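Taking it in order: structure first as structure tokens, then the write-up.
Residue numbers (the working numbering), protein chains in the order written: chain A, 1164 to 1399; chain B, 4 to 294.
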């Protein structure tokens, strides 16, 4: 497998504060499934922000899709972002748009016409079980439904890399399993998945997934010894 | 060009949400356009008046013989025989006394006050005024040959200055309009921050985001500008009658020519283009501070 993301002694600090992330040194393989765990405040969301280009590293080298991002001009970032799907912890749906329009947003931004968008969006809404809620505004959807709209929006453009921040944090266990199933299906189609979560049962339920553990801004398992979690092995 | 500014797909129209023309922007732009059109019309009318005054005085001269009011008829007879003089109009002594009375009071009308012989003359086209002046001064000793253009110069200069001042005021109002558009745009950016963050996050370019805001501002400016210009036009029509009485000696109907009216009609369109450009710059500048 080729490398899709490469962190080389990456550090991140906000403003003049202390470093949130320190000396991150790892590679993510194309088409693999990764879980990112760690206690609250460990820096998981900050690491994801680096992955989906909401932040630049304050030191070190970050390569994404074989391109060094440190010196990449700002105008070049949108093209990279279109290759990345993001599921935000707080969904970040656009409140005045329908579920259909929220899901269609990445395709509109990529320049697709109305005719090109209609079929795939309806198909995607059906895939996440929301075919009959396409015209509903986010405020009228349940937390689980909003989560699924956010997932549909993140995957509609078939991203090469999908980054999810606590995608099951606001849903019950049944919905969590369903979401995990959706992510697994997408992974089987070739998308590299990175999921930040506190929920180790998700890790256990995903055989073959890699595990990265962050603590105080550092990867505590840089050797990869924890890649296949003990719980998963015990289950087998 | 305007169509290109406001063109959008249905999805783009839905992206910013809210109701068009809901905020104060179109109303502010309507007021600004109204003020701009009125001031610009005044400036153009003053420039037109200056042009008319200058054109009217171009071939018009006065012949003045100090203390010679009793010789006026003789002076007129001589002037009629000078080559290059097309028309001769003696100014009646009674008119001169009435004018002096207005300036000097009752003493101005005193019979013993010496008056000049004053005759207005129009020169034929292509005639050199200096040659005619020399001929008149040779045939009428003591006569002064004065171009009315010179007498009117301070007036026409004042009219032109007022016209330029009006244009400066139009530019100042345009600058204030631009500032109002910047404030409105920055307010809209804050209100739409979530939408912008989401769009950026999924790969929207600054250009795509700017297009949404510039389109909204363009529609607000076009609506507000049209209303402001129409109301200003009605006010100008109402003023036109009064202006006729006020602008004695001028042809009030031609103070604003077709070109001037076309320029005034263009103001809301120019305002729309200005507002759109300013909004676009404000959005791009603001987004440039983000990653």
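No residue lacks a Cβ here, since even glycine has one placed at the ideal position from N, Cα and C.
As the structure is a computational prediction, the values presented were derived from the model and not from experiment.
Beta-carbon gap between residue i and residue j smaller than 8 Å
i: residue 1316 (chain A); j: residue 1268 (chain A); result: yes
i: residue 120 (chain B); j: residue 78 (chain B); result: yes
i: residue 11 (chain B); j: residue 218 (chain B); result: yes
i: residue 232 (chain B); j: residue 259 (chain B); result: no
i: residue 1288 (chain A); j: residue 1266 (chain A); result: yes
i: residue 1206 (chain A); j: residue 1380 (chain A); result: yes
i: residue 220 (chain B); j: residue 279 (chain B); result: yes
i: residue 1355 (chain A); j: residue 1324 (chain A); result: yes
i: residue 1247 (chain A); j: residue 1322 (chain A); result: yes
i: residue 140 (chain B); j: residue 146 (chain B); result: yes
i: residue 185 (chain B); j: residue 67 (chain B); result: no
i: residue 1318 (chain A); j: residue 1256 (chain A); result: no
i: residue 1293 (chain A); j: residue 1320 (chain A); result: no
i: residue 36 (chain B); j: residue 236 (chain B); result: no
Distance, residue j Cα to residue i Cα
i: residue 90 (chain B); j: residue 241 (chain B); result: 38 Å
i: residue 1284 (chain A); j: residue 38 (chain B); result: 49 Å
i: residue 1331 (chain A); j: residue 1230 (chain A); result: 31 Å
i: residue 1143 (chain A); j: residue 1295 (chain A); result: Any answer about residue 1143 (chain A) is impossible in this case: the structure gives chain A only from 1164 up to 1399.
i: residue 1172 (chain A); j: residue 1282 (chain A); result: 44 Å
i: residue 286 (chain B); j: residue 294 (chain B); result: 14 Å
i: residue 56 (chain B); j: residue 100 (chain B); result: 25 Å
i: residue 207 (chain B); j: residue 158 (chain B); result: 60 Å
i: residue 211 (chain B); j: residue 1245 (chain A); result: 14 Å
i: residue 225 (chain B); j: residue 20 (chain B); result: 19 Å
i: residue 1152 (chain A); j: residue 1192 (chain A); result: Lying outside 1164 to 1399, the shown extent of chain A, residue 1152 (chain A) is not represented and no answer is given.
i: residue 3 (chain B); j: residue 62 (chain B); result: Chain B is shown only over 4 to 294; residue 3 (chain B) falls outside these bounds and no answer can be derived.
i: residue 1347 (chain A); j: residue 1224 (chain A); result: 30 Å
i: residue 1291 (chain A); j: residue 1260 (chain A); result: 18 Å
i: residue 1375 (chain A); j: residue 1219 (chain A); result: 21 Å
i: residue 1392 (chain A); j: residue 1264 (chain A); result: At residue 1392 (chain A) the pLDDT is 47, less than 50, meaning the model places this residue with poor confidence and gives no usable figure here.
i: residue 182 (chain B); j: residue 281 (chain B); result: 9 Å
i: residue 1209 (chain A); j: residue 1349 (chain A); result: 24 Å
i: residue 1271 (chain A); j: residue 1178 (chain A); result: 34 Å
Spatially closest choice to residue i from the options, by CA coordinates
i: residue 72 (chain B); options: B:59, B:94, B:27, B:127; result: B:94
i: residue 1326 (chain A); options: A:1367, A:1380, A:1183, A:1197; result: A:1197
i: residue 1253 (chain A); options: B:211, B:149, B:197, B:212; result: B:197
i: residue 44 (chain B); options: B:170, B:114, B:26, B:103; result: B:170
i: residue 26 (chain B); options: B:223, B:231, B:174; result: B:223
i: residue 1228 (chain A); options: A:1194, A:1256, A:1204, A:1255; result: A:1194
i: residue 214 (chain B); options: B:46, B:199, B:109, B:108; result: B:199
i: residue 1382 (chain A); options: A:1184, A:1180, A:1178, A:1169; result: A:1184
i: residue 165 (chain B); options: B:29, B:34, B:50, B:289; result: B:50
i: residue 191 (chain B); options: B:64, B:290, B:109, B:82; result: B:290
i: residue 80 (chain B); options: B:112, B:142, B:33; result: B:142
i: residue 1459 (chain A); options: A:1199, A:1353, A:1365; result: The question about residue 1459 (chain A) has no answer here: the residues shown for chain A are numbered 1164 through 1399.
i: residue 1217 (chain A); options: B:204, B:209, B:234; result: B:204
i: residue 202 (chain B); options: A:1240, A:1360, A:1340; result: A:1240
i: residue 1238 (chain A); options: B:209, B:136, B:32, B:153; result: B:209
Where residue i sits in the DSSP three-state scheme
i: residue 1344 (chain A); result: helix
i: residue 1245 (chain A); result: coil
i: residue 262 (chain B); result: helix
i: residue 18 (chain B); result: helix
i: residue 64 (chain B); result: strand
i: residue 1218 (chain A); result: coil
i: residue 1202 (chain A); result: coil
i: residue 1400 (chain A); result: Shown here, chain A extends from 1164 to 1399; a query on residue 1400 (chain A) therefore has no answer.
i: residue 1183 (chain A); result: strand
i: residue 114 (chain B); result: coil
i: residue 73 (chain B); result: helix
i: residue 1252 (chain A); result: coil
i: residue 134 (chain B); result: helix
i: residue 93 (chain B); result: strand
i: residue 1260 (chain A); result: coil
i: residue 1359 (chain A); result: strand
i: residue 78 (chain B); result: helix
i: residue 1171 (chain A); result: strand
i: residue 1327 (chain A); result: strand
i: residue 88 (chain B); result: strand
i: residue 207 (chain B); result: coil
i: residue 1177 (chain A); result: coil
i: residue 125 (chain B); result: strand
Where residue i meets chain E, residues with beta-carbon distance less than 8 Å
i: residue 1215 (chain A); result: Going by chain labels, chain E is absent from the structure shown, which instead holds the protein chains A and B.
Q: Pull out every residue of the region 1313-1329 of chain A whose Cβ sits closer than 7 Å to any Cβ of chain B, in chain order.
A: Residues of the region 1313-1329 of chain A with a Cβ closer than 7 Å to any Cβ of chain B: none.
Q. Closer than 8 Å, Cβ to any Cβ of chain A: which residues of the region 173-200 of chain B, in chain order?
A. For the region 173-200 of chain B, the set of positions with a beta-carbon nearer than 8 Å to some beta-carbon of chain A reads 197, 198, 200 in chain order.
Q | Positions along the region 1211-1239 of chain A whose CB lies within less than 8 Å of some CB in chain B | A | With the criterion set as a beta carbon lying under 8 Å from some beta carbon of chain B, the members of the region 1211-1239 of chain A are 1215, 1216, 1217, 1218, 1219, 1237, 1238, in sequence order.
Q) Listed in chain order, which residues of the region 1250-1265 of chain A have Cβ atoms closer than 7 Å to some Cβ of chain B? A) 1255, 1257, 1259, 1260, 1264
Q.
Give me the subset of the region 203-225 of chain B whose CB atoms are less than 7 Å from a CB atom of chain A, sorted by chain position.
A. Of all residues in the region 203-225 of chain B, 204, 205, 206, 207, 208, 211 have a Cβ within less than 7 Å of some Cβ in chain A.
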